[in-house]
Amino acid sequence: MMLKRLLLGLCLGVLAVPAGAETAVERHGALRVEGNRIVDVHGDPVVLRGMSLFWSQWGGEFYNPGAIRWLRDDWNVNVVRAAIAVHHGGYMEHPARETRKAEAAIDAAVALGLYVIVDWHAHQPEPEAASRFFAHIARKYGHLPNVIYETWNEPLREHDWSKVIKPYHLAVIPKIRAIDPDNLIVAGTQTWSQDVDKAAADPLPFSNLAYTLHFYAGSHRQDLRDKASAALAKGAALFVTEWGSTNADGDGPVDVDETGRWWAFLETNRLSYLNWSVSTKKESSAALRPGAGPRGHWHADQISASGRLVRTQLRALNPPVAPSGRRGESRR
Numbered sequence: 000m001m002l003k004r005l006l007l008g009l010c011l012g013v014l015a016v017p018a019g020a021e022t023a024v025e026r027h028g029a030l031r032v033e034g035n036r037i038v039d040v041h042g043d044p045v046v047l048r049g050m051s052l053f054w055s056q057w058g059g060e061f062y063n064p065g066a067i068r069w070l071r072d073d074w075n076v077n078v079v080r081a082a083i084a085v086h087h088g089g090y091m092e093h094p095a096r097e098t099r100k101a102e103a104a105i106d107a108a109v110a111l112g113l114y115v116i117v118d119w120h121a122h123q124p125e126p127e128a129a130s131r132f133f134a135h136i137a138r139k140y141g142h143l144p145n146v147i148y149e150t151w152n153e154p155l156r157e158h159d160w161s162k163v164i165k166p167y168h169l170a171v172i173p174k175i176r177a178i179d180p181d182n183l184i185v186a187g188t189q190t191w192s193q194d195v196d197k198a199a200a201d202p203l204p205f206s207n208l209a210y211t212l213h214f215y216a217g218s219h220r221q222d223l224r225d226k227a228s229a230a231l232a233k234g235a236a237l238f239v240t241e242w243g244s245t246n247a248d249g250d251g252p253v254d255v256d257e258t259g260r261w262w263a264f265l266e267t268n269r270l271s272y273l274n275w276s277v278s279t280k281k282e283s284s285a286a287l288r289p290g291a292g293p294r295g296h297w298h299a300d301q302i303s304a305s306g307r308l309v310r311t312q313l314r315a316l317n318p319p320v321a322p323s324g325r326r327g328e329s330r331r
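Per numbering that gives the first Met the number 0, the very first residue in the sequence shown carries number 0; after that it's consecutive.
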């Protein structure tokens, strides 16, 4: 842990962090799981709040330092997620290209003092390819406390936890742990990462591990919060690596009321959460409107209704890093 803190200090660039500011990673250091909570280097529960980038093969233009810096300095994120696509023209077809996108996002996050979730963004299991990818990431970045591994984004309903998903994680996670023994790992769960209660009832035998919980406020309500509560009661740590204010298909109306109920649940239970997504796709879950540039500096009329809702929450709850005079836009 001491080595990771030392190396982090060497990696943070002078231009990335304003003088006198404290970044999220400087504040919290290496994360670990204690009971059903994620805690920081001081042993205090930590809540990370941030944004997920879009599928890397379709939204790779946002995997750059300008966009990620703007998310930190103007949206107050303390974590970003690199959603590295596996199929549909992703890693399985173009491994070098998609790995470079992951590295670009990680490098930017490290320079900015942010946590970064490296997400194997797939619905189908690919344990051998995932093992190669995560071994590479662990060798290159596992010495840094910024990195969080998400080993399988959203297993489907037909992927049984005990028969398919757990064996997958048992194959992939040891490849990471052989290189990086202690950075946080988040393991995907059944039914698009909703059945966290099943994972908690048949847990993985690893330390510093949390289970993925995903929700979309327009589709998922109290019954899913009950599943999450059951998992927490069994001692499982949860991490909401992806959530939306809309329907589960990424479109439909922004459900402000149900989003508020979810936020209250997350804050009460000290769960970290990242919104889907930094994208200009013509769907209501996209945080940006078509035409917004890929390198940040987004004006109010370039941010969607969902993006405005999320940005307001992030700016209200996350401490800023950049002094107010260095932020590219006045706080509204």
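For every residue, glycine included, the Cβ atom is placed at its ideal position computed from N, Cα and C.
- For G217, no beta strand (DSSP E) run applies, since DSSP gives it neither H nor E.
- In the structure shown, A236 falls within a coil segment according to DSSP collapsed to helix, strand and coil.
- Sequence-distant Cβ neighbours of R220 in its own chain, meaning closer than 7 Å and more than five residues away, are E257.
- Within the region 286-323, the runs of alpha helix (DSSP H) at least 4 residues long that lie entirely inside it are, in chain order, 304-316.
- Scanning G295, R294, S276, G251 for the CA closest to the CA of A286 turns up S276.
- The Cβ atoms of A209 and A236 sit closer than 8 Å to each other.
- In this structure, A129 is the residue among W261, A129, D43 with its C-alpha nearest to the C-alpha of G89.
- Looking at the DSSP output, T211 sits in a beta bridge with F238.
- The beta carbon of L52 sits closer than 7 Å to the beta carbons of G58, F61, Y62, V79, R80, A81, A82, A104, S276, V277 from its chain, once the five residues preceding and following it are set aside; these are given in chain order.
- Within the same chain, Cβ atoms closer than 8 Å to the Cβ of Q56 are found at A84, H87, G88, G89, H93, E97, the five residues on either side in sequence being excluded.
- For Y62, no alpha helix (DSSP H) encloses it, and the DSSP letter there is neither H nor E.
- Pairing S218 with D39, the inter-Cα distance amounts to about 32 Å.
- When rounded, the separation of the alpha-carbon atoms in W160 and G112 is 35 Å.
- Taking 8 Å as the cut-off, the Cβ atoms of R269 and P44 count as close.
- According to the DSSP assignment, V171 belongs to the alpha helix (DSSP H) that extends over 165-176.
- Distance from V146 to V115 at the Cβ level is roughly 6 Å; contact confirmed, criterion being Cβ atoms closer than 8 Å.
- Distance from the CA of S284 to the CA of D194, rounded to the nearest whole angstrom, comes to 22 Å.
- Contact holds between the region 133-143 and the region 174-192, because three or more Cβ pairs, one in each stretch, are under 8 Å apart.
- Cβ neighbours of I302 within its own chain (closer than 8 Å, five residues either side excluded): A286, L287, R288, A291, R310.
- Take Y272, set aside five residues on each side of it, and the residues of its chain with a beta-carbon closer than 7 Å to its own are R48, V239, W242, L265, in chain order.
- Distances from the CA of A66 to each of D106, T188, L223, Q189 were compared; the closest alpha carbon is that of D106.
- Annotated three-state conformation of G243 is strand, per DSSP.
- Judged by DSSP secondary structure, G259 falls outside any beta strand (DSSP E) and instead within the alpha helix (DSSP H) spanning 255-267.
- The beta carbons of A199 and K233 sit about 4 Å from each other, so the pair counts as a contact at 8 Å.
- If you look at H120, you'll find it in the beta strand (DSSP E) that goes 114-120.
- In the structure shown, the three-state DSSP call for P144 is coil.
- For P94, the three-state secondary structure derived from DSSP is helix.
- For V38, the enclosing beta strand (DSSP E) begins and ends at 36-38.
- Per DSSP, the unbroken alpha helix (DSSP H) holding W191 starts and ends at 189-192.
- Excluding residues up to 5 positions away in sequence, A15, A107, L111, G295 lie with their Cβ nearer than 8 Å to the Cβ of R68 in the same chain.
- Residue pairing by DSSP places P44 opposite V38 in a beta bridge.
- In the structure shown, W275 adopts extended strand secondary structure according to DSSP, grouped into three states.
- CA-to-CA, the gap between N207 and I184 works out to about 6 Å.
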